[in-house]
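Going letter by letter, the sequence shown gives residues 1 to 557 in the UniProt record's numbering. A virtual CB, placed ideally from N, CA and C, is assigned to each residue, including glycine.
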Amino acid sequence: MLVKEEEILKTYFGYETFRPGQKETIEHILKLENTLAVMPTGGGKSLCYQIPGLSRNGTAIIISPLISLMKDQVDSLNSLGIPAAYINSSLTAAEQQDTLAGIAAGEYKFVYVAPERFESGRFVQVIRNIPLSLVAFDEAHCISQWGHDFRPSYRSIISNLKQLSNIPVFVALTATATEEVIGDIQSLLRMDHVVNTGFERENLSFHLIKGRDRSSYIRSFLEEHPEESGIIYAATRKQTDSLYAQLSSRGVPVAKYHGGLSEEERKEAQTAFIHDEKPVMIATNAFGMGIDKSNVRYVIHYAMPMNIESYYQEAGRAGRDGEPSDCILLFSPQDIQLQKFLIEQSMMEDEAKQLEYRKLQAMINYCHTHGCLTSFILDYFHDDASRETCGRCSNCVERQEKTDLTTEAQMILSCVKRMGERFGVGMTAKVLKGSGDKKLKEFGLKSLTTYGILSAYTERELTEWIHFLIAEQLLDTEEGRFPILKLNRNSVDVLKGNRKVEMFTAPIPSSDEADYQEDLFLSLRNLRKKLADERDVPPYVLFSDATLKELSRYFPI
Ligand code: ADP
Ligand code: MG
Ligand code: ZN
1 MLVKEEEILK
11 TYFGYETFRP
21 GQKETIEHIL
31 KLENTLAVMP
41 TGGGKSLCYQ
51 IPGLSRNGTA
61 IIISPLISLM
71 KDQVDSLNSL
81 GIPAAYINSS
91 LTAAEQQDTL
101 AGIAAGEYKF
111 VYVAPERFES
121 GRFVQVIRNI
131 PLSLVAFDEA
141 HCISQWGHDF
151 RPSYRSIISN
161 LKQLSNIPVF
171 VALTATATEE
181 VIGDIQSLLR
191 MDHVVNTGFE
201 RENLSFHLIK
211 GRDRSSYIRS
221 FLEEHPEESG
231 IIYAATRKQT
241 DSLYAQLSSR
251 GVPVAKYHGG
261 LSEEERKEAQ
271 TAFIHDEKPV
281 MIATNAFGMG
291 IDKSNVRYVI
301 HYAMPMNIES
311 YYQEAGRAGR
321 DGEPSDCILL
331 FSPQDIQLQK
341 FLIEQSMMED
351 EAKQLEYRKL
361 QAMINYCHTH
371 GCLTSFILDY
381 FHDDASRETC
391 GRCSNCVERQ
401 EKTDLTTEAQ
411 MILSCVKRMG
421 ERFGVGMTAK
431 VLKGSGDKKL
441 KEFGLKSLTT
451 YGILSAYTER
461 ELTEWIHFLI
471 AEQLLDTEEG
481 RFPILKLNRN
491 SVDVLKGNRK
501 VEMFTAPIPS
511 SDEADYQEDL
521 FLSLRNLRKK
531 LADERDVPPY
541 VLFSDATLKE
551 LSRYFPI
C-alpha cells in the first residue's frame, strides 16, 4: 500500500518515512473517507492532505484561519515546484481576479482560502465547476464553540460546502482537540475516522514558577540563555511594551508583536524573529499561529493564560525541530483576577462565559497541582496513553519532602461545610484566618466554630492551600465568576480520615521576595521581644506571629 505516496514523500518532500499518524490518515483520505487528524504541533499535519492532493486529480481546497499561514504554505509548496495559490484580503482586486482565473483553469493543485471566501458567490461558482481532490480544514478546532479559537465563519460555511456535489472528501486537522471539540468536528463534518496520535511531545519540559519577581526571572533567564531563540508571551499589550522597553534597553536582541502595532511593524518584527536577527520575541497571544520557526528553544509565559488549550498551543511553539526545549509559566495569584476580568468584560453570551470560567478553572488547577505537569495537560486532553510521571517537568524534578497536611485539609473542608457550601475561595480563606473583614459579620460567619481555626497562617497561604485542594480534586468548584466551593466524595474521605493529604514542601525555589519577608519577620520578632521585655509581658500579648508575618508582607521591597 501507498507505494506511490511514499514515492511522493521522497521525491517531493525529501523525507524517508512517515511520521506517526500520517500514513493512516493518507490511506483513509485516498479511500475517500472523511478523516480528522489530531496530531501535536509540528507533527506534520500538512503532509496528510498534501500527499493525497498530489496523488489525486484535481485541486485541493484548504481552509485556513490566518493569512500568514496561507502564504507560508503556498511559498513552501511553490519552492518544491508544486503549483499552489491563495486568495485573501491581502491581494489586490486585480490579483484576486488573476488567481480566480487560474483556479478556474485548473492551474493549481492547492488553493488556500479563508472561510469567508465561501461567502463570495463568484468564488463558489468557480469551485463548483472544477474537479476537486479534497477539501481540508486546517486548524479545525476553530469550527467548534468548544475550541479556544472559535470562528463562526468556519462553522457557517459548512452547510454551503455540503451543497457542492464535487467535493469527494473532507479532511480536518488540529493539534488541540478536547473530547468535545473532536465530537463537534465529527458530527459537523461527518467524519468517518479520527486519527489521534496523542499530544505528548517528549522534547518539551514544562516548568511552573511561582512567587518570583517575574521581570528579574526573565532577565536572569535571558542572561543564562544568550544564544537561544525564544518567545515570551505577555498578558496584555501594555505588558508587552514595558517588557520590550526593559529588555531592549539592556541590549537583548528582542522584537515585539501585538495587535496595537501597524501591519508593517508586525511584519518587520516577525521577519526579524524568523531570521534570527532578533531571536527573542515579546508578544501577546496575537503572535504565533502559523509561525513555523523550528529552533525556538523556550516559550515563557509572563502570566497565566486563559485556558490549557491556548497554553499548550502557545507553549508548543517551542521545539518544533524535536530538540529539548523549555515551556515556562510564571504564575502569580493576581493573574486569576485578570483572566476573570477579561472573561467578564467580553461580549460572550452567559453560557459561553460559563464555559470559559470552567476552562479557566482547569488552568488555575494546573498552577496549583503538585503532580506531574505533563500528565496534567495530557489528562486534560483525555490523552490516556499509559504513563506515570514525565520525570522532566518542574514538579517531577523539584519535588522534595512531603508534608502531611491532612489535619489542615480537614479543617478547611469542615469550614467549607459549616459555611453552607455557599462561598468561594476568598471568603473561606478569610474565615479560616479569622479576618476582621466586615463582610464576615454581615454574612454571620464570625460565629462559626471554624472562624480563625487556621489563624496561624496568612490568607495567602490559606488561599494557596484551597487552590491546591481543588487542583487535587479534593474539593469542587461550581463554575462562575466567583466559583463556590463544594465538597465532593474525596472531601468526605479526607474528613473521615480515610485519605491522607500530602503536599510537597517548597516545590518553588525560595525567592528574593520571600527571603526578604523572612528577614523582616525575624527582625519584627526581635523588636517584639525587646518591647515585651521592657514592658514585662509575654510577647504574644503584643502581636501574634501570624500578625508579624502579615505585617512583613506589607513592606515594599
Ligand atoms: P503541523 O501542521 O502538524 O504543526 P507541519 O505540517 O507544519 O506540522 O510540519 C512540521 C514540520 O515537520 C515541517 O517542517 C514538515 O516539513 C516536517 N515533516 C512533516 N512530515 C515529515 C516526515 N514524515 N518526516 C520528516 N519531517 C516531516
Ligand atoms: Mg499546521
Ligand atoms: Zn512531570
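Original post:
Does DSSP put Glu5 in a helix, a strand or coil?
Top reply: Helix at Glu5.
Subject >> Cβ distance (whole Å) where Leu9 is taken to contact Ile51 below 8 Å >> reply: The pair is a contact, with the Cβ atoms about 7 Å apart (cut-off 8 Å).
Original post:
Measuring CB to CB, does Met503 end up less than 8 Å from Leu405?
Top reply: yes
**OP:** Name the residue from Ile308, Ala101, Gly121, Gln145 whose alpha carbon lies nearest to the alpha carbon of Phe199.
**Re:** Restricting attention to Ile308, Ala101, Gly121, Gln145, the CA atom closest to the CA of Phe199 is found in Ile308.
Original post:
Would you call the segment 316-330 and the segment 186-204 touching, i.e. three or more CB-CB distances under 8 Å?
Top reply: Between the segment 316-330 and the segment 186-204 there are three or more C-beta pairs closer than 8 Å, enough to call the two in contact.
**OP:** For Pro20, collect the residues of the same chain with a Cβ closer than 7 Å to its Cβ; drop the 5 residues on either side in sequence, then sort them by chain order.
**Re:** Thr197
Subject >> Assumed close pair Ala85, Val111 - CB separation to whole angstroms, cut-off 8 Å >> reply: 6 Å
Original post:
At which residues does the alpha helix (DSSP H) containing Ala286 begin and terminate?
Top reply: Taken as a continuous stretch (DSSP letters only), Ala286 belongs to no alpha helix (DSSP H), as it is neither H nor E.
Subject >> beta-carbon Ser46 near the ligand MG non-hydrogen atom, thresh 7 Å >> reply: yes
Original post:
For the putative contact between Asn34 and Val169, defined by C-beta atoms under 8 Å, what is the C-beta separation to the nearest angstrom?
Top reply: 6 Å
Original post:
Does the distance from the CB of Thr463 to the CB of Ala429 come in under 8 Å?
Top reply: Yes; because the gap between Cβ atoms is below 8 Å, this pair is in contact.
Original post:
Just how far apart, CA to CA, sit Ser332 and Ala315?
Top reply: 18 Å
**OP:** Determine the DSSP secondary structure at Asn196, reduced to helix, strand or coil.
**Re:** strand
Original post:
Quick one: what's got a C-beta closer than 8 Å to Asp292's C-beta in the same chain, skipping five residues either side?
Top reply: Asp72, Arg320
Original post:
Span of the beta strand (DSSP E) holding Gly230?
Top reply: Here the beta strand (DSSP E) through Gly230 covers 229-233.
Original post:
Using the C-alpha atoms, what's the distance from Phe221 back to Arg481?
Top reply: 34 Å
Subject >> Inter-residue spacing [alpha-carbon to alpha-carbon] between Pro226 and Thr407 >> reply: 47 Å
**OP:** Round the Cβ separation of His207 and Cys327 to the nearest angstrom and send it over; I've been treating them as touching at under 8 Å.
**Re:** Indeed they touch by this definition, with Cβ atoms about 7 Å apart.
Subject >> Reference Arg422, options Gly436, Ile167, Leu440, closest by Cα >> reply: Leu440
Subject >> Buried versus exposed, by CB contacts within 10 Å (16 or more), Pro509 >> reply: With a pLDDT of 34 at Pro509, under the threshold of 50, the modelled position of this residue cannot be trusted; read the value that follows with caution. Answer is exposed; the Cβ neighbour count stays below 16.
Original post:
In terms of DSSP beta bridges, what is Glu502 paired with?
Top reply: When DSSP reads this structure, Glu502 sits in a beta bridge with Asp404.
Subject >> Between the CA atoms of Gly391 and Asn365 - distance to the nearest angstrom >> reply: 20 Å
Subject >> Inter-residue spacing [alpha-carbon to alpha-carbon] between Asp512 and Leu247 >> reply: Note that Asp512 scores a pLDDT of 49, beneath 50, so its modelled location is shaky and nothing firm can be said.
Original post:
Looking only at C-alpha atoms, which of Gly230, Tyr12, Lys433 sits nearest to Ser76?
Top reply: Tyr12
**OP:** Could you pull out every unbroken beta strand (DSSP E) segment of at least 3 residues lying fully inside the segment 94-159, listed in chain order?
**Re:** 110-113, 132-137
Subject >> Leu26 versus Ser46: straight-line alpha-carbon distance, rounded >> reply: This sequence places Ile at residue 26; Leu is not what is there. The alpha-carbon atoms of Ile26 and Ser46 are separated by roughly 11 Å.
Original post:
How long is the line joining the alpha carbons of Val195 and Gln186, rounded to whole angstroms?
Top reply: 12 Å
Subject >> 8 Å Cβ shell around Leu448 - same chain, five flanking residues per side excluded >> reply: Cys415, Arg418, Met419, Val431
Original post:
DSSP on Leu329, reduced to helix/strand/coil?
Top reply: strand
**OP:** Can you grab the Cα-Cα spacing for the pair Ala93 / Gly102, in whole Å?
**Re:** 14 Å
**OP:** Take Ala286 and list the residues in its own chain whose beta-carbon comes closer than 6 Å to its own, dropping the five residues that flank it on each side.
**Re:** His258, Gly259
Subject >> Span of the beta strand (DSSP E), counted from its first residue to its last, around Asp255 >> reply: Strictly speaking, residue 255 in this sequence is Ala, with Asp absent from that position. Residues 254-257.
Original post:
By how many angstroms is the C-alpha of Glu398 removed from the C-alpha of Pro507?
Top reply: Per-residue confidence for Pro507 stands at a pLDDT of 37, beneath the threshold of 50, marking its modelled position as unreliable; the derived number appears in the next sentence. Cα to Cα, Pro507 sits roughly 6 Å from Glu398.
Subject >> Every unbroken alpha helix (DSSP H) inside the segment 431-467 [4 residues or more] >> reply: Taken in chain order, the unbroken stretches of alpha helix (DSSP H) that lie wholly in the segment 431-467 and span 4 residues or more are 438-442.
Subject >> Beta-ladder partner(s) of Phe482, from DSSP >> reply: DSSP lists no beta-bridge partner residue for Phe482.
**OP:** Reducing DSSP to helix, strand and coil, say where Lys210 ends up.
**Re:** strand
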